[in-house]
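Visitor: Chains as they are written, first to last, in our numbering: chain A, 17 to 208; chain B, 17 to 208.
If you scroll down you'll find the structure; I have some questions about it.
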DNA sequence: TTTCTTTCTTGTCTTTTGTAAACGTTTTTA
DNA sequence: TAAAAACGTTTACAAAAGACAAGAAAGAAA
């Protein structure tokens with residue numbers, strides 16, 4: 017269950033066997049079907065998720081429409097960080113797009129782990145550093161690149177995403193409408 | 017010199033006197049004029065900056081044009097995180113927009129501080145958590161909001177920024193051209 | 001399979017933005 | 001102070017995107 021997770025942590029810090037046992041006992045495994053809401057609108061969340069298998073998205077509702085702002089697949093953390101860290105209610109919804117397998121970590125357990133495992137702060141710090149770089153690149157892409165460039169970049173970084181996520185969700189994730197993405201795709205085909 | 021900085025850290029963790037002395041000795045003060053480049057294109061950077069006074073921007077060059085992707089004022093960290101953390105050359109340039117006062121921290125000193133100050137990892141971890149939330153909100157705003165909404169949000173969050181930063185830099189920061197921002201401003205005036 | 005729902009594409013029209021250039025104003029700086 | 005550079009706005013035109021609706025295609029469920 018947790019081997020995949022520790023393959024991930026091993027790339028970041030060297031947890032001892034004892035560390036890993038403490039960590040493993042704090043993590044609970046959860047298997048869910050498609051369309052399961054892991055975090056719901058206007059609810060507080062005290063959980064972080066590590067996605068072992070499957071696919072998730074995070075979305076906002078604006079003018080009655082679901083706008084996808086984040087999509088992720090295997091081997092990454094996800095959570096409504098704002099709500100998790102500040103304790104406010106979440107304006108984001110997180111739901112599965114496929115049957116998925118997750119590890120779940122509660123805030124209380126995490127706070128305990130910070131005290132019990134000296135390396136824990138360093139692990140999270142380094143994970144956040146990498147996450148921050150990713151977010152910064154995504155943000156920069158919105159400023160620097162056209163929607164068409166963002167789409168082709170997304171495809172080259174993650175070719176299988178088109179098979180796993182409906183296009184209209186990818187569209188809002190790219191900051192455009194489904195109609196517009198369809199036209200962009202047509203334009204690309206016509207070019208080649 | 018470092019009082020302002022420790023006012024900032026005090027909100028995050030309780031460094032001891034000894035911690036603060038170690039930290040203070042690792043920080044060097046730097047006073048610079050407008051248009052000073054703190055990080056340059058295609059150079060490696062091993063420095064983080066804490067802005068005590070003044071105003072900075074981070075920009076990319078695309079098609080010969082400078083595109084501002086980040087602007088910040090007093091009491092915040094800035095750096096080319098990608099280059100700083102991964103050791104690659106920076107594609108970003110960071111420059112001052114006003115005469116500014118900074119604290120400078122070298123990567124080597126930071127790595128030493130992680131060993132000497134037990135709270136250091138926690139401090140950076142919590143700082144990164146807050147930074148991540150900010151980046152996530154900025155990214156979400158690009159997906160959810162129109163340029164006009166982003167502009168009015170920016171003004172309400174940071175009303176003095178219009179006096180401190182040229183409009184054409186704000187424009188690219190909002191993901192649009194200077195021409196477009198000028199039109200948006202006109203539209204807003206006409207509405208009221 | 002057949003039905004129902006979701007997804008994707010297309011067309012028309014409107015709005016917004018980008019590009020490029022011109023022009024007056026303000027700010028730098030030599 | 002005078003010249004040069006930077007800045008903000010405007011215009012005309014082109015390209016792209018949004019809104020809305022219709023219909024085709026694909027997928028899921030009965």
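Beta carbons are placed, not taken as given, at the ideal position from N, Cα and C, and that holds for glycine.
Would you say residue 98 of chain A reaches chain B, if we count a Cβ-Cβ gap shorter than 9 Å as a contact?
Guide: Along the first chain, read from residue 1 onward, the residue named residue 98 of chain A stands at position 82. Chain B, which has a Cβ nearer than 9 Å to the Cβ of residue 98 of chain A, makes this yes.
Visitor: Once you ignore the five residues that flank residue 84 of chain B on each side, which residues in its own chain have a CB closer than 8 Å to its CB?
Guide: Numbered from its first residue, the second chain carries residue 84 of chain B at position 68. Same-chain partners within the cutoff: 73, 74, 75, 185, 186, 188, 189.
Visitor: Quick one: complete beta strand (DSSP E) runs, 3+ long, within the stretch 67 to 116 of chain B?
Guide: With a minimum length of 3 residues, the continuous beta strand (DSSP E) runs that stay inside the stretch 67 to 116 of chain B are 72 to 78, 81 to 88, 92 to 94, 109 to 112.
Visitor: Please report whether the beta-carbon of residue 30 of chain A lies at a distance below 9 Å from any beta-carbon of chain B.
Guide: For the purposes of this step, residue 30 of chain A is taken as the residue at position 14 of the first chain. Answer no: the Cβ-Cβ gap between residue 30 of chain A and chain B never drops below 9 Å.
Visitor: Taking the C-alpha atoms as reference points, what is the distance between residue 95 of chain A and residue 29 of chain B?
Guide: Taking the first residue of the first chain as position 1, residue 95 of chain A is located at position 79. Taking the first residue of the second chain as position 1, residue 29 of chain B is located at position 13. The straight-line gap from Cα to Cα measures roughly 24 Å.
Visitor: Give me the subset of the stretch 171 to 201 of chain A whose CB atoms are less than 9 Å from a CB atom of chain B, sorted by chain position.
Guide: Within the stretch 171 to 201 of chain A, the qualifying residues are 188, 189, 190, 191.
Visitor: Which same chain residues, not among the five before or five after residue 136 of chain A, have their C-beta less than 7 Å away from its C-beta?
Guide: Here residue 136 of chain A refers to the residue found at position 120 of the first chain. The residues are 129, 130.
Visitor: Any beta carbon of chain B sitting closer than 9 Å to that of residue 130 of chain A?
Guide: Mapped onto the first chain, residue 130 of chain A falls at position 114. Output row for residue 130 of chain A: interface = yes.
Visitor: Given a cut-off of 9 Å, decide if residue 183 of chain B and residue 197 of chain B are closer than it, judged by their beta-carbon atoms.
Guide: Here residue 197 of chain B refers to the residue found at position 181 of the second chain. Here residue 183 of chain B refers to the residue found at position 167 of the second chain. Yes.
Visitor: Give a yes or no on whether the minimum CB-CB distance between residue 73 of chain A and chain B is below 9 Å.
Guide: Here residue 73 of chain A refers to the residue found at position 57 of the first chain. By this cut-off, residue 73 of chain A is not an interface position.
Visitor: The stretch 136 to 169 of chain B: which residues have C-beta closer than 7 Å to a C-beta of chain A, in chain order?
Guide: For the stretch 136 to 169 of chain B, which is checked against every Cβ of chain A, the residues closer than 7 Å are 137, 138, 140, 141, 144, 145, 147, 148, 149, 151, 152, 154, 155, 156, 158, 159, 160.
Visitor: Relative to the alpha-carbon of residue 143 of chain A, which residue among B:57, B:193, B:101 has its alpha-carbon at the smallest distance?
Guide: Residue mapping note: residue 143 of chain A aligns to position 127 of the first chain, counting from 1. Here the closest residue by C-alpha is B:101.
Visitor: I want to know whether the stretch 52 to 72 of chain B touches the stretch 86 to 94 of chain B - three or more CB-CB distances under 8 Å.
Guide: Judged by Cβ distances under 8 Å, the stretch 52 to 72 of chain B makes contact with the stretch 86 to 94 of chain B, as three or more pairs qualify.
Visitor: Per DSSP, what kind of secondary structure is residue 158 of chain B in: helix, strand or coil?
Guide: Along the second chain, read from residue 1 onward, the residue named residue 158 of chain B stands at position 142. In this structure, residue 158 of chain B counts as helix in the three-state DSSP scheme.
Visitor: In the stretch 122 to 180 of chain B, which residue ranges form an unbroken alpha helix (DSSP H) of at least 4 residues, counting only runs that do not cross its ends?
Guide: Counting whole runs of 4 or more residues, the stretch 122 to 180 of chain B contains the alpha helix (DSSP H) stretches 123 to 132, 136 to 160, 163 to 173, 177 to 180.
Visitor: Given a threshold of 16 other Cβ atoms within 10 Å of its Cβ, counted over all protein chains shown, does residue 205 of chain A qualify as buried or as exposed?
Guide: Here residue 205 of chain A is taken as the residue at index 189 of the first chain, counted from 1. By the 10 Å Cβ count, residue 205 of chain A comes out exposed.
Visitor: With a cut-off of 9 Å, does the C-beta of residue 85 of chain B fall near any C-beta of chain A?
Guide: Position 69 of the second chain, counted from the first residue, corresponds to residue 85 of chain B. For residue 85 of chain B, the answer is yes, since a Cβ of chain A falls inside 9 Å of its Cβ.
Visitor: What are the residues that DSSP puts in a beta bridge with residue 53 of chain A?
Guide: If you number the first chain from 1, residue 53 of chain A lands on position 37. For residue 53 of chain A, which the question treats as bridged, DSSP gives the partners A:111.
Visitor: Within the continuous beta strand (DSSP E) that includes residue 48 of chain B, where are the two ends?
Guide: Start at 1 with the first residue of the second chain, and residue 48 of chain B comes out as number 32. Taken as a continuous stretch (DSSP letters only), the beta strand (DSSP E) holding residue 48 of chain B covers 44 to 48.
Visitor: Going along chain B in order, which residues have a C-beta closer than 9 Å to the C-beta of residue 24 of chain A?
Guide: For the purposes of this step, residue 24 of chain A is identified with residue 8 of the first chain, where counting begins at 1. What residue 24 of chain A touches in chain B: nothing, since even the nearest Cβ is about 18 Å away.
Visitor: Would you tell me roughly how many angstroms separate the C-alpha atoms of residue 81 of chain B and residue 107 of chain B, rounded to the nearest one?
Guide: As a position in the second chain, residue 81 of chain B is number 65, starting the count at 1. As a position in the second chain, residue 107 of chain B is number 91, starting the count at 1. Spanning the two alpha carbons is a distance of roughly 14 Å.
Visitor: Starting from residue 65 of chain B, follow its DSSP beta bridges and name the residues at the other end.
Guide: Position 49 of the second chain, counted from the start, is the residue given in the question as residue 65 of chain B. B:94, B:120, per the DSSP bridge assignment.
Visitor: Excluding the 5 residues flanking residue 22 of chain B on each side, which residues of the same chain have their C-beta closer than 7 Å to its C-beta?
Guide: In the second chain, residue 22 of chain B corresponds to position 6, counting from 1. Here the set comprises 36.
Visitor: Enumerate in chain order the residues of its own chain whose CB-to-CB distance from residue 38 of chain A is below 7 Å, with the five nearest sequence positions on each side excluded.
Guide: Sequence index remark: in the first chain, residue 38 of chain A carries index 22 (1-based). Only 129, 132, 133 meet the Cβ criterion.
Visitor: Give a yes or no on whether 9 Å exceeds the smallest Cβ distance from residue 78 of chain B to chain A.
Guide: Here residue 78 of chain B corresponds to residue number 62 of the second chain, with the count starting at 1. Yes, residue 78 of chain B counts as interfacial toward chain A.
Visitor: Can you give me the C-alpha to C-alpha distance between residue 43 of chain B and residue 19 of chain B, rounded to a whole angstrom?
Guide: Residue 43 of chain B sits at position 27 when you count from the first residue of the second chain. Residue 19 of chain B sits at position 3 when you count from the first residue of the second chain. Whole-angstrom Cα-Cα distance: 12 Å.
Visitor: So is residue 102 of chain B in contact with chain A if we call contact Cβ pairs under 9 Å?
Guide: As a first step, residue 102 of chain B is located in the second chain; it is residue number 86 there, counting from the start. Interface residue, yes.
Visitor: So, does the stretch 45 to 58 of chain B touch the stretch 150 to 166 of chain B, judging by three or more C-beta pairs under 8 Å?
Guide: No: the two stretches stay apart, fewer than three of their Cβ pairs being nearer than 8 Å.
Visitor: Nearest-angstrom Cα distance between residue 114 of chain A and residue 179 of chain A?
Guide: Residue 114 of chain A sits at position 98 when you count from the first residue of the first chain. Residue 179 of chain A sits at position 163 when you count from the first residue of the first chain. Going from the Cα of residue 114 of chain A to the Cα of residue 179 of chain A covers about 11 Å.
Visitor: Return helix, strand or coil for residue 17 of chain A, following the three-state DSSP convention.
Guide: For this step, residue 17 of chain A is matched to residue 1 along the first chain. Residue state, collapsed to three classes: coil.
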